[in-house]
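**Q** All you need for our numbering is the position in the sequence shown, starting with 1, plus 4. What follows is a structure written as structure tokens; I'll ask about it next.
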Amino acid sequence: MVLISDLLKIDYIHDLKLLTNSDSLTNSPILNIEITETPDVEYYISPNTLILTTGMVFKENQLGMIEFIDSLIRAKASGLAVKTGRFLNGRLDQRIIEHANQHQFPIINIPDKYPLGRLLHQLSNFIWNHKQEEIEFALEIQQQFSGLLLNNTPLERIINEFSHIIKCPIILLNPIKRLLVASDYFKGKSGLIGQIEDQFQDLFYKKQAPDDYVKMNLDGETKVVSISNVFVYQYFPHYLLILNPENMTYPTSTFAIDQAKLVLSYCLYKSEKIHDTYLQTASNLLLETLHLKSTSTANLYKRIDDVDFIDSNYYRVIEVNDQSSLKKLGNGVRLSEKKALIREWFSLYGEDYLGKIVLVQTNTNANFYVIIQEKMLDLEKRLIKCRNDLNRLIDISLIFSVGDPVSTIDQIMRSLDQASITYRARLVDVNDHFVEYYNDSGMQSLFQTLDEKEVAYFCVSVLKDLAYPETDNQRELRETLKVYLDCQCEATLTANELYVHRNTVKYRIEKCQELLGCEVRDPKNSLHLRLALSLSTK
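Here's what the structure looks like:
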């Protein structure tokens, strides 16, 4: 890109003079040059235009140029070049220059010897020559980076290659505004990276950062940082930060950066899809394994070796969603992207809040679950902190639907089903509480819109004679089944609750299974049984 400072360095027109302070020379590029003698050009020029004029219309009233400058600022012009010797007696009123300095708007004096038409031609040729070189350079970058992409080059190397080409340090932030990858310049400089992250998050609190230049105070010095959006998601971009962009080597241009961003988008998209595919494959294997009947714990560990389970006597499943998922009408694409970012958040930072966790995503409706593997007395406090930390960075408001804890891996499906039921109950009640726990009464709200006969039919089809027991024996079996399920299918705990012998519990459960024709420990069956028991309670 061509800056005003570049025009002032051209050998054959070296006597162009900057009238305003050097601070007015911003990084705004010059894309076009126009000659005008009328003060209403703000409606007819494109952004990043340099205006050439003799100032004839301001011959009798120079201060009228202040309003003209304001109109150029509104039009996002790059600057104003005035041939002061023709109509303005060779000088501008100091108040005009001071006003331009206040707005960091550059004003250049054009010597009398340069006809505006010829100067326009010379400057335009200079810009066009630069553009041609910039385009060739940008296409070269695209070709080079495309080769890296096709060869499965890691993202870190692509960033380093680009940093080496433009001679500037580079950081790539994820949509959550945290570090994804940085060039080698930042090795051993975690403190500097932290400063950039913190200031970027403060500058763009809960909002998207535009393509722009910002100033940051880094290690006590003011540094200019270029921000470019890299779109993998439609609503939540990644951010490419280039430090000291004024030092970029020629002929680096906005177009060259755009080509690099395009390749980065493909690379990030591929990485996202690989991660999602891996998570879904691992989740499918886990869910398939947990649905197997009579599977020993040893076989579970062997079959799901890639899943990061730890040996524990406490497991609990939490379904995680964004608050906007409770709305019946909403932006489906935006919600889908939010869900992807929620998965990324827990993949990167979930263990900071919940210890060793396992992530699960279903195929059918992309429900996302977190399995915690240790008891936490302050679980709700941790979940709310997790929610608040993410919400501070991006427009995502987490809600958690929590199942009951279980003591063995083969019981996890029960907790998962409970978390799912709790979330579905939210949809009925439009319950947007941050943290909601499973309870039997919450299940009943799912059936409020159904006819009583339909509910009764469901209960009888699941519980048979135990749905509405008529004999003492049936009532005894029903009560034993209910307590057994509440005790996570532990015979000893059930016996203690009912004040009977453990063998009595085993005998009654066997009788229940004969009557019902199903294995009550099976997660799917136990969910149906718990639902039917709750709905058929008089």
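Just so you know, even glycine gets a beta-carbon here, dropped at the ideal spot from N, CA and C.
Let me confirm a value: D414 is counted as buried when at least 16 other C-beta atoms fall within 10 Å, else exposed. Which label applies?
**A** As a first step, residue 414 must be located in the sequence shown, where it is residue number 410. Answer is buried; the Cβ neighbour count reaches 16.
**Q** Which residues in the same chain as P214 place their Cβ atom closer than 8 Å to its Cβ, once the five residues preceding and following it in sequence are excluded?
**A** Along the sequence shown, one-based indexing puts residue 214 at 210. Once the five neighbours on either side are set aside, the close Cβ partners of P214 are I231 and N233.
**Q** For K80, name the three-state secondary structure that DSSP assigns.
**A** As a working note, residue 80 is residue 76 in the sequence shown. Three-state result, K80: coil.
**Q** When the Cα of H569 is compared with those of C271, L222 and M252, which residue comes out closest?
**A** In this structure the chain extends from 5 to 542, so residue 569 is not present and cannot be described.
**Q** Determine which residues share a DSSP beta bridge with V439 and list them.
**A** The residue given as residue 439 occupies position 435 in the sequence shown. Partner(s): F404.
**Q** Can you check whether the CB of L485 is closer than 8 Å to the CB of C516?
**A** Translated into positions along the sequence shown, residue 516 becomes position 512. Translated into positions along the sequence shown, residue 485 becomes position 481. Yes, they are a contact pair.
**Q** Would you decide whether Q106 is buried or exposed? Buried here means 16 or more other CB atoms lie within 10 Å of its CB.
**A** Translated into positions along the sequence shown, residue 106 becomes position 102. It counts as exposed.
**Q** Does the distance from the C-beta atom of L551 to that of L222 stay below 8 Å?
**A** Missing from the structure shown is residue 551; the chain here goes from 5 to 542 and no further.
**Q** Would M60 and I100 be called neighbours here (beta carbons separated by less than 8 Å)?
**A** Taking the first residue of the sequence shown as 1, we reach residue 60 at position 56. Taking the first residue of the sequence shown as 1, we reach residue 100 at position 96. The answer is no: Cβ separation not under 8 Å.
**Q** Which residue wins for smallest C-alpha separation from I398, given the options S287, L345, F166 and I376?
**A** By 1-based counting over the sequence shown, the position of residue 398 is 394. Of S287, L345, F166 and I376, the residue nearest in Cα terms is L345.
**Q** Would the stretch 519-532 count as touching the stretch 410-427 if we require 3 or more Cβ pairs under 8 Å?
**A** Enough Cβ pairs lie closer than 8 Å, so yes.
**Q** Answer yes or no: do Q377 and F313 have a C-beta to C-beta separation smaller than 8 Å?
**A** In the sequence shown, counting from the first residue as 1, residue 377 sits at position 373. In the sequence shown, counting from the first residue as 1, residue 313 sits at position 309. Yes.
**Q** What does a CB cutoff of less than 7 Å around I49 pick up in its chain, not counting 5 residues either side in sequence?
**A** As a first step, residue 49 is located in the sequence shown; it is residue number 45 there, counting from the start. Closer than 7 Å at Cβ, skipping near neighbours: E38, A79 and A81.
**Q** Compare the beta carbon distance of E46 and S28 with 8 Å and say whether it is the shorter of the two.
**A** Translated into the one-based positions of the sequence shown, residue 46 becomes position 42. Translated into the one-based positions of the sequence shown, residue 28 becomes position 24. Going by C-beta atoms, E46 is not nearer than 8 Å to S28.
**Q** Can you give me the C-alpha to C-alpha distance between N174 and Y318, rounded to a whole angstrom?
**A** Sequence index remark: in the sequence shown, residue 174 carries index 170 (1-based). Sequence index remark: in the sequence shown, residue 318 carries index 314 (1-based). The residue asked about is misnamed: residue 174 is Ile in this sequence, not Asn. Using only the alpha carbons, I get a separation of about 44 Å.
**Q** Might you give, ordered along the chain, the residues of its own chain that have their beta carbon closer than 8 Å to the beta carbon of D19, omitting 5 neighbours on each side?
**A** Taking the sequence shown and counting its residues from 1, the one referred to as residue 19 is at position 15. Cβ within range, chain order: P115.
**Q** Just how far apart, CA to CA, sit V324 and T40?
**A** On the sequence shown, position 320 is the one that residue 324 refers to. On the sequence shown, position 36 is the one that residue 40 refers to. Approximately 60 Å, taken between the alpha carbons.
**Q** Three or more C-beta pairs closer than 8 Å, one from the stretch 400-408 and one from the stretch 474-485: is that the case here?
**A** With the cut-off at 8 Å, the stretch 400-408 and the stretch 474-485 do not touch.
**Q** Should the stretch 430-441 be called in touch with the stretch 382-392, which here means at least 3 C-beta pairs below 8 Å?
**A** Verdict: yes, contact present.
**Q** Only counting the same chain, and skipping five residues up and downstream in sequence, which positions put a Cβ closer than 7 Å to that of S298?
**A** Stepping through the sequence shown from its first residue, residue 298 is reached at position 294. Here the model assigns S298 a pLDDT of 46, short of 50, so the residue's position is not dependable, and the following value carries that caveat. Cβ neighbours of S298 beyond the five flanking positions: none.
**Q** Figure out for me which residue from L207, E102 and F62 has the closest Cα to the Cα of G89.
**A** If you number the sequence shown from 1, residue 89 lands on position 85. Ranking L207, E102 and F62 by Cα distance to G89 puts F62 first.
**Q** Only counting the same chain, and skipping five residues up and downstream in sequence, which positions put a Cβ closer than 7 Å to that of D216?
**A** Here residue 216 refers to the residue found at position 212 when the sequence shown is read from its first residue. Taken in chain order, the residues that qualify are I231.
**Q** Thinking K181 and E201 are a contact (beta carbons under 8 Å), I'd like their distance in whole angstroms, please.
**A** The residue given as residue 181 occupies position 177 in the sequence shown. The residue given as residue 201 occupies position 197 in the sequence shown. Confirmed, about 7 Å.
**Q** Determine the contact status of V267 and Q146, defining contact as a CB-CB distance below 8 Å.
**A** On the sequence shown, residue 267 is found 263 positions in, with the first residue counted as 1. On the sequence shown, residue 146 is found 142 positions in, with the first residue counted as 1. Their beta carbons are under 8 Å apart, which means V267 touches Q146 by this criterion.
**Q** Rounded to the nearest angstrom, how far is the Cβ of S540 from that of Y472, given a contact under 8 Å?
**A** By one-based count along the sequence shown, residue 540 stands at place 536. By one-based count along the sequence shown, residue 472 stands at place 468. That belief holds up - the Cβ atoms of S540 and Y472 are roughly 6 Å apart, short of 8 Å.
**Q** Where L358 and T157 are concerned, what is the direct C-alpha to C-alpha distance, given to the nearest angstrom?
**A** If you number the sequence shown from 1, residue 358 lands on position 354. If you number the sequence shown from 1, residue 157 lands on position 153. L358 and T157: Cα-Cα distance of roughly 33 Å.
**Q** Express the C-alpha separation of F208 and T496 in angstroms, rounding to a whole number.
**A** Your numbering for residue 496 matches position 492 in the sequence shown. Your numbering for residue 208 matches position 204 in the sequence shown. Approximately 56 Å, taken between the alpha carbons.
**Q** Under 7 Å Cβ to Cβ from Q108, same chain only, skipping five residues before and after it: list those, please.
**A** One-based indexing of the sequence shown puts residue 108 at position 104. Correct list, in chain order: D27, S28 and T30.
**Q** Can you give, in chain order, each stretch of the beta strand (DSSP E) that sits fully within the stretch 60-122 and has at least 3 residues?
**A** With a minimum length of 3 residues, the continuous beta strand (DSSP E) runs that stay inside the stretch 60-122 are 83-86 and 111-113.
**Q** Pull up the CB-CB distance for P110 and T24, whole angstroms please, since I reckon it's below 8 Å.
**A** Residue numbering aside, residue 110 sits at position 106 when the sequence shown is read from its first letter. Residue numbering aside, residue 24 sits at position 20 when the sequence shown is read from its first letter. With a Cβ gap of about 5 Å, P110 and T24 count as contacting.
**Q** Using alpha carbons as the reference points, say which of V362, H505, N52 and I34 lies closest to H134.
**A** On the sequence shown, residue 134 is found 130 positions in, with the first residue counted as 1. Looking at the Cα atoms, I34 is the closest of the given residues.
**Q** With H, G and I counted as helix, E and B as strand and the rest as coil, what does DSSP make of Q365?
**A** Start at 1 with the first residue of the sequence shown, and residue 365 comes out as number 361. DSSP places Q365 in strand when its eight states are reduced to three.
**Q** With DSSP collapsed to three states, give me the class of K227.
**A** Taking the sequence shown and counting its residues from 1, the one referred to as residue 227 is at position 223. Here K227 sits in strand by DSSP.
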